[in-house]
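Working notes, structure below.
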Amino acid sequence: MIDRRLLTNIDWVLAGLVITVCLLGIMNIYSATAAYKIVGTSYYIKQFYWLLAGIIISLVVCSLDYHIFEDLSYWFYGAIILLLLAVLAVGKSSMGATRWLNLGFFNIQPSELMKIVIIVTFARFFNNFQTVGGLAVREVLVPLGLLALPAALIMKQPDLGTATLIVLIALSMTMYVGLRWSAIVTFICVTIPMVWVGWAFLLRPYQKNRVLDFLNPERSRLGSGYHIIQSKIAVGSGGFSGKGFIKGTQSQLRFLPEQHTDFAFSVFAEEWGFIGCLLLIILYLSLVLWGLNIARRCNDRFGALLAVGVTAMLFWHIVINMGMVIGLFPVVGVPLPFFSYGGTSMITSMVGIGLLQSISMRRFMF
Numbered sequence: 000m001i002d003r004r005l006l007t008n009i010d011w012v013l014a015g016l017v018i019t020v021c022l023l024g025i026m027n028i029y030s031a032t033a034a035y036k037i038v039g040t041s042y043y044i045k046q047f048y049w050l051l052a053g054i055i056i057s058l059v060v061c062s063l064d065y066h067i068f069e070d071l072s073y074w075f076y077g078a079i080i081l082l083l084l085a086v087l088a089v090g091k092s093s094m095g096a097t098r099w100l101n102l103g104f105f106n107i108q109p110s111e112l113m114k115i116v117i118i119v120t121f122a123r124f125f126n127n128f129q130t131v132g133g134l135a136v137r138e139v140l141v142p143l144g145l146l147a148l149p150a151a152l153i154m155k156q157p158d159l160g161t162a163t164l165i166v167l168i169a170l171s172m173t174m175y176v177g178l179r180w181s182a183i184v185t186f187i188c189v190t191i192p193m194v195w196v197g198w199a200f201l202l203r204p205y206q207k208n209r210v211l212d213f214l215n216p217e218r219s220r221l222g223s224g225y226h227i228i229q230s231k232i233a234v235g236s237g238g239f240s241g242k243g244f245i246k247g248t249q250s251q252l253r254f255l256p257e258q259h260t261d262f263a264f265s266v267f268a269e270e271w272g273f274i275g276c277l278l279l280i281i282l283y284l285s286l287v288l289w290g291l292n293i294a295r296r297c298n299d300r301f302g303a304l305l306a307v308g309v310t311a312m313l314f315w316h317i318v319i320n321m322g323m324v325i326g327l328f329p330v331v332g333v334p335l336p337f338f339s340y341g342g343t344s345m346i347t348s349m350v351g352i353g354l355l356q357s358i359s360m361r362r363f364m365f
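Structure follows, in structure tokens:
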């Protein structure tokens, strides 16, 4: 099951990119929380601990043959569905949302785990389902059902950001497999009325406000539009070379909400400017392209699908978070992978990196 000799074939390019972004993130968290009055362990120290835990978990995952996850994928799927149901029944509520389960020693957020599980589940389904000329409408009904159930349960929490990410990950994997034009047209025709139904009956008032603030942030400068306005000020005030480490006024004077989590990129942009942002974007672009390269080099279909899914997860996190903080997308609770503060996000992302490592290290075996 575990072949320790494979550890000599670690993909150091992948590891180097991830560790570099993580260390930049810890440095940024230190700056973002420098003005906080913290009782106990500082946030950047906690993030360092989460990084160490993530590295250990990633090493464990990459030591396993990724085909094991194919065999267990439906069991994982069923287990997370039960956890999502448990969240709605006895979950821990915070700031109007119920997303956590208290397991005594620690809290767990099943919706984060579903990102990995939906990748493995879709990879198994498409690996066992061969089609010629792309998927037809009737052939996407089963994966659509596998996606709809967890997405609906996560929306119920409510967690629009995570539900959107799961849908985008699944859609990316489906597009990689291929869709017939009839399926694409049908999908578009069905999606348009569903968006109207979601707006009219499913979205909560604060979620609607986020969309309206995206269209016109000035409608509520001191209310629901405050986040995006302050974020755009921080990003714009960084200029070409930034204000310098721990010298950003928006973060140090604490005008910027959630500056060490969802809006960590805004802090970085203010302090390091266009040059720093370009460097970070290049690192992320390299990570995404390297993930696709792992998928391209993989000699078996399941591994390629798995690599595409993990890369899509990282890609959509990056695009949505960066787009959110500069006003291109509505504000949703999507962290920047390896950069924003958060243990659950770090562990989930590191599990994905462990899968990529496992695929890369075993490419010569097939």
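Going by my numbering, 78 is the number at position 79 of the sequence shown; the sequence numbering is gapless. Cβ atoms here follow ideal geometry from the backbone N, Cα and C, with glycine treated the same way.
Quiz item: Between the segment 190-199 and the segment 294-301, are three or more C-beta pairs nearer than 8 angstroms?
Solution: no
Quiz item: Which residue from 71, 271, 91 puts its Cα closest to that of residue 245?
Solution: To locate residue 245, count along the sequence shown from 1; it is residue 246. Measuring from the Cα of residue 245, the nearest candidate turns out to be 271.
Quiz prompt | Sequence-distant residues of its chain with Cβ nearer than 8 angstroms to residue 69 (five each side left out) | solution = To locate residue 69, count along the sequence shown from 1; it is residue 70. Within the same chain, residue 69 has close Cβ partners 119, 122, 123, 126, 301.
Quiz prompt | Beta-carbon spacing of residue 24, residue 339 below 8 angstroms | solution = Within the sequence shown, numbered from 1, the residue matching residue 24 stands at position 25. Within the sequence shown, numbered from 1, the residue matching residue 339 stands at position 340. Contact: yes.
Exercise. Please report how far the alpha carbon of residue 262 lies from the alpha carbon of residue 77, in whole angstroms.
Key: Taking the first residue of the sequence shown as position 1, residue 262 is located at position 263. Taking the first residue of the sequence shown as position 1, residue 77 is located at position 78. So the alpha carbons of these two residues sit roughly 33 angstroms apart.
Quiz item: From residue 329 to residue 231, what distance separates their C-alpha atoms?
Solution: Position 330 of the sequence shown, counting from 1, holds the residue named residue 329. Position 232 of the sequence shown, counting from 1, holds the residue named residue 231. Cα to Cα, the separation comes out at about 13 angstroms.
Quiz item: Considering residue 147, what are the terminal residues of the alpha helix (DSSP H) in which it resides?
Solution: On the sequence shown, residue 147 is found 148 positions in, with the first residue counted as 1. 140-154 is the span of the alpha helix (DSSP H), which, as asked, contains residue 147.
Quiz prompt | Whole-number beta carbon distance between residue 64 and residue 356, since they are thought to touch under 8 angstroms | solution = Residue numbering aside, residue 356 sits at position 357 when the sequence shown is read from its first letter. Residue numbering aside, residue 64 sits at position 65 when the sequence shown is read from its first letter. No, residue 356 and residue 64 are not in contact; Cβ-Cβ is about 12 angstroms, not under 8 angstroms.
Quiz prompt | Bounding residues of the alpha helix (DSSP H) (the contiguous stretch that carries residue 36) | solution = Sequence index remark: in the sequence shown, residue 36 carries index 37 (1-based). Residue 36 -> no alpha helix (DSSP H), and no H or E assigned at all.
Practice problem: Assign residue 91 to one of three DSSP states: helix, strand, or coil. | Solution: In the sequence shown, residue 91 corresponds to position 92, counting from 1. Strand at residue 91.
Quiz prompt | CB of residue 100 within 8 angstroms of CB of residue 82, strictly | solution = Mapped onto the sequence shown, residue 100 falls at position 101. Mapped onto the sequence shown, residue 82 falls at position 83. Taking 8 angstroms as the Cβ cut-off, residue 100 and residue 82 qualify as a contacting pair.
Practice problem: Would you tell me roughly how many angstroms separate the C-alpha atoms of residue 255 and residue 331, rounded to the nearest one? | Solution: Here residue 255 corresponds to residue number 256 of the sequence shown, with the count starting at 1. Here residue 331 corresponds to residue number 332 of the sequence shown, with the count starting at 1. So the alpha carbons of these two residues sit roughly 15 angstroms apart.
Exercise. Give the secondary structure of residue 98 by DSSP, where H, G and I count as helix, E and B as strand, and everything else as coil.
Key: Locating residue 98 in the sequence shown gives position 99, counting from the first residue. Here residue 98 sits in strand by DSSP.
Quiz item: Beta carbon of residue 241, beta carbon of residue 269: below 8 angstroms?
Solution: Mapped onto the sequence shown, residue 241 falls at position 242. Mapped onto the sequence shown, residue 269 falls at position 270. It is a contact, given that the beta carbons lie within the stated cut-off.
Quiz item: Relative to the C-alpha of residue 133, which residue among 358, 175, 152 is closest?
Solution: Numbered from 1 along the sequence shown, position 134 holds the residue referred to as residue 133. Answer by Cα proximity: 175.
Self-check item: Neighbourhood of residue 164 by C-beta, 6 angstroms cutoff - its chain only, sequence neighbours within 5 removed
Solution: As a first step, residue 164 is located in the sequence shown; it is residue number 165 there, counting from the start. Once the five neighbours on either side are set aside, the close Cβ partners of residue 164 are 315.
Practice problem: With a threshold of 16 other CB atoms inside 10 Å of the CB of residue 130, please say whether the residue is buried or exposed. | Solution: For this step, residue 130 is matched to residue 131 along the sequence shown. Exposed is the call here.
Quiz item: Per DSSP, what kind of secondary structure is residue 107 in: helix, strand or coil?
Solution: The residue given as residue 107 occupies position 108 in the sequence shown. In this structure, residue 107 counts as strand in the three-state DSSP scheme.
Quiz item: Cα-Cα, which of 260, 237, 266 is closest to residue 251?
Solution: Position 252 of the sequence shown, counted from the first residue, corresponds to residue 251. Cα-wise, what sits closest to residue 251 is 266.
Quiz prompt | Nearest neighbour of residue 275, chosen from 248, 239, 308 [CA to CA] | solution = What you label residue 275 is simply residue 276 of the sequence shown in a count that begins at 1. The candidate whose alpha carbon is nearest that of residue 275 is 239.
Exercise. Below 7 angstroms CB to CB, which residues in the same chain sit around residue 90 once its five sequence neighbours on both sides are set aside?
Key: Reading the sequence shown from its first residue, position 91 is the one you call residue 90. The answer, listed in chain order, is 97, 98, 99, 100.
Quiz prompt | Pairwise C-alpha distance: residue 229 and residue 236 | solution = Indexing the sequence shown from 1 puts residue 236 at position 237. Indexing the sequence shown from 1 puts residue 229 at position 230. Approximately 10 angstroms between the Cα atoms of the pair.
Self-check item: Beta-ladder partner(s) of residue 178, from DSSP
Solution: Position 179 of the sequence shown, counted from the first residue, corresponds to residue 178. Looking at the DSSP assignment, residue 178 forms a beta bridge with 134.
Self-check item: Per-residue burial, residue 30 [other beta carbons within 10 Å of its own, 16 or more giving buried]
Solution: The residue you call residue 30 lines up with position 31 of the sequence shown. Under this definition residue 30 is a buried residue.
Exercise. Assuming residue 39 contacts residue 345 (C-beta within less than 8 angstroms), just tell me the rounded distance between them.
Key: Counting from 1 along the sequence shown, the entry for residue 39 is found at position 40. Counting from 1 along the sequence shown, the entry for residue 345 is found at position 346. Actually they are not in contact, since the Cβ atoms of residue 39 and residue 345 sit about 19 angstroms apart, beyond 8 angstroms.
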